[in-house]
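Chemist: Dropping a structure here in structure tokens format, bear with me for questions.
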Amino acid sequence: MLGLYARALEASQIPTAMVTLFPEVTEKVGAPRTLHVPFKMGRPCGEPFDFETRTKVVDQLLELLTLPSGTKQLYPDTL
Numbered sequence: 001m002l003g004l005y006a007r008a009l010e011a012s013q014i015p016t017a018m019v020t021l022f023p024e025v026t027e028k029v030g031a032p033r034t035l036h037v038p039f040k041m042g043r044p045c046g047e048p049f050d051f052e053t054r055t056k057v058v059d060q061l062l063e064l065l066t067l068p069s070g071t072k073q074l075y076p077d078t079l
């Protein structure tokens, strides 16, 4: 569902990037930029209080916003 919102925002020239646990789903809805993470369901940025991992996820997600629409990345990735 959020992928559809992301597409609508992108159509208005607002860049979006999403964290996903299920890249096959975000691919089907055509989410513009996605970061596939290997974490447990309900923990898309890693374990609670693991600030180092969470910061890395957010940093990679923000970097993803600077890349062209349609970009898909895996976490961790060297940018």
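Take the sequence shown: its position 48, counted from the start at 1, is 48 in our numbering, and no numbers get skipped. Backbone N, C-alpha and C define an ideal beta-carbon position, used for all residues, glycine too.
If you check the beta carbons only, do Tyr75 and Val25 fall under 7 Å apart?
Modeler: no
Chemist: Going by alpha carbons, who is nearest to Pro23 out of Ile14, Ser12, Phe39?
Modeler: Phe39
Chemist: Could you give the first and the last residue of the continuous beta strand (DSSP E) run that contains Lys72?
Modeler: 72 to 74
Chemist: Taking the Cβ atom as the reference point for each residue, do Ala8 and Met18 lie within a distance shorter than 7 Å?
Modeler: Going by C-beta atoms, Ala8 is not nearer than 7 Å to Met18.
Chemist: Using three-state DSSP, classify Leu35 as helix, strand or coil.
Modeler: Correct three-state label for Leu35: strand.
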